[in-house]
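Visitor: Just dropping this structure here.
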Amino acid sequence: MKQIAALGLREYGVYNKSLADNWNSFVSAEDSEQSLVKLVVALNNNDTKKVLVQLLKKEPGKVLQGMQITSYLIGAKESELYIPAQELELKAALEKQWEGMGIAIIAEDFVDCRLQEENVIHHLETMFFLAEAFSKEYQPSVYLAIEKGGQLSELQKVPYGTKLSDILQVSRDEIRAIEIGTKLYDVAALDYTVKDTMTFGNGVITILDKSACIIDEAEKRLALSRSISCGKCTFCREGLLQIHSMVKDITKGKGKNEFIPLIEEIGDATSFSTLCSIGRTGADFVLSSISTYYDEYDDHLKKKKCQSGVCSSFVPIYIDPELCTGCEDCLDVCPENCIEGKAGYIHMIDELDCTKCGKCFEVCENEAIKKASGKIPKLPDRLTKCGKFKKH
Ligand code: SF4
Ligand code: SF4
Ligand code: SF4
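Going by my numbering, the first residue of the sequence shown is number 64, and it counts up by one from there.
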């Protein structure tokens, strides 16, 4: 315990506490209650990328040693190791290799923290570094993979003092944002060291390039958190739903100014009151995106503008006067009645009422309805017979 405290070892993942402090408080509480303690080792519940399971595949002995050290220090009577549900071959290999060690290998993605409240839960990487801490090779570090353009790099060991710019090796001009674990940072984070951020959680740093829309990214993260939530904590179930629905509305141009303080209030409560990392970090991305990229929210809300052009609701659409044959098909399907025209005349869209539902695109056989990629060309400002419109 003295060595662990002296090295300043911390729990890896979302719950980044001092290991020695954590155990000291646990051991003293356990003495008084005489409870039967179980050690549970897993990835964070919110970790959908699962890259850190590579540590277990490459050096299972280190995870085993870390679990044995922990069990000894906290007096655990049983231990369980959770591995991703699809890793059935790894489960079989570990069961064979660790036979008689008293460790149950469970292939499940989700640890029910409600059922584990009496037990000690640790991240798999904490066990790995615990074994290293008792060897001469120990160097304070983390394992990271870099995700860029949808591709994940190999997991690499990165010492604490390394600057993010050294491992990411990208030009500042290419980056819109950097996602570290579940939080969002701007390019200033390139000057941080690995230790400064320490919010890795899933061992992945994702580079969002200039083509990304921060609000659209937040919407996707919220959808993912909601899809894996077990729904037993009220704020994870209801809070994430409400935040998600407001963020979705913002991407569709239906956002209201009062959404931002509401998202912040519900997000803080969700992070504070939920039981596992899914609820706790489910709102983190959107909260950090508001604090770092407030201007982008403001653009979507007030200027109805998405600077990266991702949110299709903000991309203007128009009817090309040279292609429209005045067939009236688009006018018939528009649910907002925002297309003006009559048979044989060039049709026109009223941008103010158009919700970009896309129905008119589907029916126009002449492909006359277009999304503007830059400036909208000159269009008729009154009903004009097909073939009579002059551009100049
Ligand atoms: S935080 Fe969410 S996923 Fe975790 S236990 Fe609560 S409801 Fe379930
Ligand atoms: S469906 Fe196409 S061609 Fe027909 S009126 Fe609409 S824009 Fe013109
Ligand atoms: S996108 Fe939908 S709302 Fe807009 S003009 Fe077409 S049909 Fe109407």
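For every residue, glycine included, the Cβ atom is placed at its ideal position computed from N, Cα and C.
(1) Tell me whether ILE230 sits in a helix, a strand or coil according to DSSP, three-state version.
(2) Span of the alpha helix (DSSP H) holding PRO123?
(3) Looking at the strands, I want to know which residues DSSP matches up with MET411.
(4) On the DSSP letters alone, give me the boundaries of the beta strand (DSSP E) that TYR381 sits inside.
(5) Taking DSSP as the reference, what is the three-state secondary structure of LEU442?
(6) Taking only runs that begin and end inside the stretch 334–380, name each unbroken alpha helix (DSSP H) of 4 or more residues, in chain order.
(7) If distances are taken between C-alpha atoms only, which option among ILE184, ASP172, LYS154, CYS387 comes closest to LEU102?
(8) Between which residues of its own chain and PRO123 is the CB-CB distance below 7 Å, once the five residues before and five after are set aside?
(9) Going by C-alpha to C-alpha distance, which of ILE132, LYS295, LYS258, ASP84 sits closest to VAL104?
(10) Are PHE348 and LEU271 touching if we call contact CB-CB under 9 Å?
(11) For GLY76, I'd like the list of residues in its chain whose CB is within less than 6 Å of its CB, leaving aside the five on either flank, ordered along the chain.
(12) Alpha carbon to alpha carbon, what distance is there between ILE439 and VAL221?
(13) Within its chain, find whatever has a CB closer than 7 Å to the CB of LEU136; leave out the 5 residues flanking it on each side and keep chain order.
(14) Any beta-carbon of chain C closer than 9 Å to the one on ASP172?
(15) Within the continuous alpha helix (DSSP H) that includes SER274, where are the two ends?
(16) Considering only residues of the same chain and omitting the five flanking positions on each side of PHE298, which have a CB-CB separation below 7 Å?
(17) If the criterion is Cβ atoms closer than 9 Å, does the pair LEU364 and LYS319 meet it?
(18) Quick one: using the 10 Å Cβ neighbour count with 16 as the cut-off for buried, is GLN97 buried or exposed?
(19) Confirm, please, whether the CB-CB distance from PRO379 to GLU414 is below 9 Å.
(20) Using 10 angstroms around the beta-carbon of LYS441, count the other beta-carbons present and answer buried if the total reaches 16, otherwise exposed.
(21) Could you check the C-alpha separation between ILE353 and GLU141 for me, to the nearest Å?
(22) Could you say which of ALA251, VAL205, SER308 lies nearest to GLU282 if we only look at CA atoms?
(23) State the Cα-Cα distance for the pair LEU303 and MET411, rounded to the nearest angstrom.
(24) Taking 8 Å as the cut-off, is the C-beta of ILE277 nearer than that to any heavy atom in ligand 3?
(25) Using only the heavy atoms of ligand 3, determine whether one of them is closer than 8 Å to the beta carbon of GLU399.
Guide: Looking at the atomic coordinates:
(1) Here residue 230 corresponds to residue number 167 of the sequence shown, with the count starting at 1. DSSP, reduced to helix, strand and coil, places ILE230 within a helical segment of the structure shown.
(2) Here residue 123 refers to the residue found at position 60 when the sequence shown is read from its first residue. For PRO123, the uninterrupted alpha helix (DSSP H) segment begins and ends at 123–137.
(3) Numbered from its first residue, the sequence shown carries residue 411 at position 348. Bridge pairing for MET411: GLU403 [DSSP].
(4) Taking the sequence shown and counting its residues from 1, one reaches residue 381 at position 318. First-last of the beta strand (DSSP E) with TYR381: 380–382.
(5) For the purposes of this step, residue 442 is identified with residue 379 of the sequence shown, where counting begins at 1. Of the three classes helix, strand and coil, the one that applies to LEU442 here is coil, per DSSP.
(6) The stretch 334–380 contains these whole alpha helix (DSSP H) runs: 340–345, 347–355, 357–361.
(7) On the sequence shown, position 39 is the one that residue 102 refers to. Ranked by how close their Cα comes to the Cα of LEU102, the residues ILE184, ASP172, LYS154, CYS387 have ILE184 in first place.
(8) Reading the sequence shown from its first residue, position 60 is the one you call residue 123. Counting only Cβ-Cβ distances below 7 Å, and skipping sequence neighbours, we find LEU157, GLN160.
(9) Locating residue 104 in the sequence shown gives position 41, counting from the first residue. Just measuring C-alpha positions, the residue of ILE132, LYS295, LYS258, ASP84 sitting nearest VAL104 is ILE132.
(10) Taking the first residue of the sequence shown as 1, we reach residue 348 at position 285. Taking the first residue of the sequence shown as 1, we reach residue 271 at position 208. With respect to LEU271, PHE348 sits apart: the two C-beta atoms are not nearer than 9 Å.
(11) Position 13 of the sequence shown holds residue 76. Contacts found: ASN107, HIS186, GLY264.
(12) As a working mapping, residue 221 is identified with position 158 in the sequence shown. As a working mapping, residue 439 is identified with position 376 in the sequence shown. Rounded to whole angstroms, VAL221 to ILE439 spans 49 Å at the Cα level.
(13) Position 73 of the sequence shown holds residue 136. Once the five neighbours on either side are set aside, the close Cβ partners of LEU136 are MET64, TRP86.
(14) No chain C appears in the structure shown, which is made up of a single protein chain.
(15) Counting from one through the sequence shown, the residue named residue 274 turns up at place 211. Neither: SER274 is in no alpha helix (DSSP H) and is coded neither H nor E.
(16) For the purposes of this step, residue 298 is taken as the residue at position 235 of the sequence shown. So the qualifying residues of the chain are ALA332, THR333, SER336, THR337, GLY342.
(17) As a working note, residue 364 is residue 301 in the sequence shown. As a working note, residue 319 is residue 256 in the sequence shown. Going by beta carbons, LEU364 and LYS319 fall inside the 9 Å limit.
(18) Along the sequence shown, one-based indexing puts residue 97 at 34. Residue placement at GLN97 cannot be trusted, given a pLDDT of 47 that sits under 50; what the coordinates show is reported in the next sentence. By the 16-neighbour rule on beta-carbons within 10 angstroms, GLN97 is exposed.
(19) By 1-based counting over the sequence shown, the position of residue 414 is 351. By 1-based counting over the sequence shown, the position of residue 379 is 316. In this structure, PRO379 lies closer than 9 Å to GLU414 by Cβ.
(20) For the purposes of this step, residue 441 is taken as residue 378 along the sequence shown, with counting starting at 1. So LYS441 ends up on the exposed side.
(21) For this step, residue 353 is matched to residue 290 along the sequence shown. For this step, residue 141 is matched to residue 78 along the sequence shown. About 43 Å.
(22) Working through the sequence shown from its first residue, we reach residue 282 at position 219. Looking at ALA251, VAL205, SER308, the one whose alpha-carbon comes closest to that of GLU282 is SER308.
(23) Against the sequence shown, residue 303 aligns to sequence position 240. Against the sequence shown, residue 411 aligns to sequence position 348. For LEU303 and MET411, the distance between alpha carbons rounds to 40 Å.
(24) If you number the sequence shown from 1, residue 277 lands on position 214. No, since every heavy atom of ligand 3 falls outside the 8 Å radius drawn around the Cβ of ILE277.
(25) Position 336 of the sequence shown, counting from 1, holds the residue named residue 399. Checking every heavy atom of ligand 3 against the Cβ of GLU399, one is found closer than 8 Å.
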